[in-house]
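Structure record follows, encoded as structure tokens.
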Amino acid sequence: MHPAGQTPTTARAPSRDAARDAPSRVGAGATDAALLAEFVGGDREALGRLAARHEAALIGLARGLLGGSTAGAEEAVQEAWVRVIRGAASFRGDAAVKTWLTRIVINRCREMQRRERTRRRHEPDPPDRENDLRPSGELERAVRGLPTEQREAVLLCHCRSMTSREAAAVLGVPEGTLKSRVRLALSRLRRTLRDEDES
Amino acid sequence: MNELESQLAKLTEPAPAEGTPLWERALEQTDAESDERVRRASVLTVFARPGLWFSAAAALLLMAGVLTLPNLGDRFDLAEGRRGVTMDDLDNDRAQDLRWLDEAASGLAMRSAEPASATNRWVENFALGREAAQAELAGPSQTVLLDNDDPRWQYNFDPNAPSRAGVEYQRQYTDAEQESADTISWTAIRQPQPVVRLVARTGSMNLEVETVRDASAAIASMIDAPAGEYIQSRRVRGEGGDATARLVLRVADARLESVMDAVSDLGEVGASGIESQDLTDSIVDVESRLRNERRVETELLELLDRWTAPDAARGEDPLRDILAVRGELSRVRLGIERMDASRAKMLRRVRLATLTVALEGADEDDAGRPATERPGPLERFADDLAGAAGDGLWSIAASATWLTRALVSIAPWALIAGLALWLAWRRVRRSRPAPLPE
């Protein structure tokens, strides 16, 4: 989300010395954007306050996207924070910080799933790993079986921290499209779960 | 909210990270990466110093010098040692079994010198130089004398001994004879002689002459037919300044250079050169196999004579045995004839060098014009320059034509391949949604 015609500034975390010296200029009721700006200005704790608002929800969303793997979800969210730290200076504010964070997490989850698929192709039956992304239950398996667009739509809409308007903004589609995807996903999930019950 | 939806909400239920918060871990990770970048940058800064590179290069040169100089010395000593070895040195130290001399340095190289303990006779094996090998190639010869005429020092060929020089021989003598050998002159042996190499040479010349037909006739007259030289092919095309000719001559190897000199006097030489092919190994190999096959043939003939004699003791099926031997005999004879022909062909190539002469007429404008009216060097240079520029333009035009034709012929296939790739790419894109904008 770089502004048109503007080169992104070098993405790097505020230095530890700068963090020590920089006093916190925003209060507890500051907006996400203000916290991010504070972090860019050198206040590392501002990132902590931003994380306190969103980290748990992001882990929940990532867990749903990654078939119920908590370890995988934590890895995805940590990678997302690294991306945030590197790209914070170039954040322009065209979308809400929460939308931006959620998109980063979704992209990291897609990357991890792609890596996992490649790994499984070369190593079909790997030994038990902590971050094995294979679905653990019936529902997780059914969710994993959905097309990516439907899976993301249905999970975003059922996140307690996200409204359907926010979910549509994250996926960059109109609300109607989002609802249509959710309806299709739910119907497909019901069918899959019923078939599994019968078999 | 139905049960499915509540399960979905549970699946995405917010959950704090276990242990250190993830944002703190991410900060530590980026800090570590930043430190690593700084460290690498500092290392690169060190390597960017020119003084360091100069010092390293100087140290390497010094090391190379220290390592190389002793080897150079060794080589020098070795070379000197080789040249310094004489037959006297070898005679004085016969306890050492094998002595190798550089075949290239001495035409008559000693292979080994060792005492034959049972007879108390000394046996020396030699490889022959040019003269002896030539004698062998000219016809069967069993005896070769060196410069001295002492009959005790005549050397017999060992026809079965393979040698790179073509022939090896042996001399034998007793201790008493050896003592008197000190008085024998070894001058002939000590003289460095080139090792005989059987080389087929091929010369080629491009010539610009005033009149192609006259030059062609003049070249043809250079052939010494009684000595076996001949014109292998002669082709003349065109007339006047456009005329060209190509002659392939077979001339005696020793005369190749003189004939080339004579040909070069007929006009302006564009290019000329001589190529050589060493056939020594091939000829020696064929001769060795030929000797072997001839021995087999003799043995088979003796066998056949014995079986066909009136008082011969015959086996159960004498006819079959005789037919088998005859069959084998004809196979061996065929092999001998083939090898003989191959040997003769190779020797002919060695004896007669091949000279290919390509003749071109002088420019049409120049033909028949007195030398004083011909263009000077500057005019020629300008003409050449213009010609080269024209050639360059033609070459660009030809390349462009070729490229266009290639593109046109490839276009339909490229279109089909592009369409297939685009469809495949669309399919992949559909199955893998593009990343969300960050």
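Line by line, the protein sequences are chains A and B.
Letter by letter, the first sequence follows residues 2 to 200 in this note's numbering.
Letter by letter, the second sequence follows residues 510 to 947 in this note's numbering.
Beta carbons: idealized from backbone N, C-alpha and C, even for Gly.
Everything numeric in this text was worked out from a predicted model, so none of it was measured.
From what residue to what residue does the beta strand (DSSP E) around R746 of chain B run? Y739 to R746
Rounded separation between V555 of chain B and W931 of chain B - CA only: 49 Å
Between Q786 of chain B and chain A, is there a C-beta pair that is closer than 7 Å? no
Once DSSP output is grouped into helix, strand and coil, what is the label at R710 of chain B? strand
Tell me the DSSP secondary structure of N108 of chain A in three-state form. helix
Below 8 Å between beta carbons is the criterion; list the residues of the region 520-536 of chain B that meet it against any residue of chain A, in chain order. L520, T521, E522, P523, A524, P525, A526, E527, P530, L531, W532, E533, R534, A535 and L536
Within 7 Å, strictly: CB atoms of V171 of chain A and R104 of chain A: Taking a C-beta distance under 7 Å as the contact criterion, V171 of chain A and R104 of chain A qualify as a contact pair.
Per DSSP, what kind of secondary structure is N629 of chain B in: helix, strand or coil? With a pLDDT of only 43 at N629 of chain B, under 50, the local geometry of the prediction cannot be trusted, and no value is derived from it.
Alpha carbon to alpha carbon, what distance is there between I831 of chain B and E825 of chain B? 12 Å
Does any residue of chain B bring its CB to less than 7 Å from the CB of V78 of chain A? yes
Measuring CA to CA, which of B:L924, B:R847, B:I732 and B:Q538 is closest to V757 of chain B? B:I732
Within the continuous beta strand (DSSP E) that includes D733 of chain B, where are the two ends? Counting along the chain, D733 of chain B falls outside any beta strand (DSSP E), and DSSP gives it neither H nor E.
If we count Cβ pairs, one from each stretch, closer than 8 Å, do we get three or more for the region 526-546 of chain B versus the region 48-66 of chain A? yes
Proximity test, Cβ basis, 7 Å: G94 of chain A and chain B: Taking Cβ atoms only, chain B never reaches closer than 7 Å to G94 of chain A, which makes this a no.
Three-state secondary structure (DSSP) at V805 of chain B? helix
Any chain B beta carbon closer than 7 Å to L67 of chain A: no
Considering just the uninterrupted stretch of the alpha helix (DSSP H) at L758 of chain B, what are its terminal residues? Not the alpha helix (DSSP H): L758 of chain B falls in the beta strand (DSSP E), residues T753 to A761.
Mind checking if A566 of chain B is an interface residue toward chain A, Cβ cutoff 7 Å exclusive? no
Would you call the region 788-806 of chain B and the region 840-853 of chain B touching, i.e. three or more CB-CB distances under 8 Å? yes
Helix, strand or coil for A31 of chain A per DSSP? coil
Taking the continuous beta strand (DSSP E) assigned at A780 of chain B, which residues delimit it? E777 to D787
At 7 Å on the CB atoms, spell out the chain A contacts of E514 of chain B, in chain order. H159
When B:S904, B:A541, B:K519 and B:S908 are compared against S162 of chain A, the one with the closest alpha-carbon: B:K519
Near V41 of chain A, which residues of its chain fall below 6 Å by C-beta distance, leaving aside the five closest residues on each side in sequence? So the qualifying residues of the chain are A89 and A90.
Name the chain A residues that come within less than 9 Å of A518 of chain B, Cβ to Cβ? H159, C160 and R161
Neighbour-count burial assignment, Q605 of chain B, 16 or more Cβ in a 10 Å radius: At Q605 of chain B the pLDDT is 32, less than 50, meaning the model places this residue with poor confidence and gives no usable figure here.
Length of the line joining the Cα atoms of D762 of chain B and R860 of chain B: 6 Å
Strand pairing of E717 of chain B, partner residues [DSSP]: B:E777 and B:E869
In three-state terms, what does DSSP make of T164 of chain A? coil
Extent of the continuous alpha helix (DSSP H) run through F556 of chain B: L531 to F556
Does the beta-carbon distance from A154 of chain A to L179 of chain A come in below 7 Å? yes
Smallest Cα separation from G844 of chain B: which of B:A565, B:E802 and B:P819? B:E802
Take the Cβ of N511 of chain B as the centre, count every other Cβ of all protein chains shown within 10 Å, and call the residue buried at 16 or more, exposed below. When all chains shown are included, N511 of chain B counts as exposed.
Start-to-end residues for the alpha helix (DSSP H) that takes in P921 of chain B: P886 to S940
Straight-line gap, E869 of chain B to G836 of chain B (C-alpha atoms, nearest Å): 56 Å
For a test of the three-state rule: what should DSSP assign to L945 of chain B, helix, strand or coil? coil
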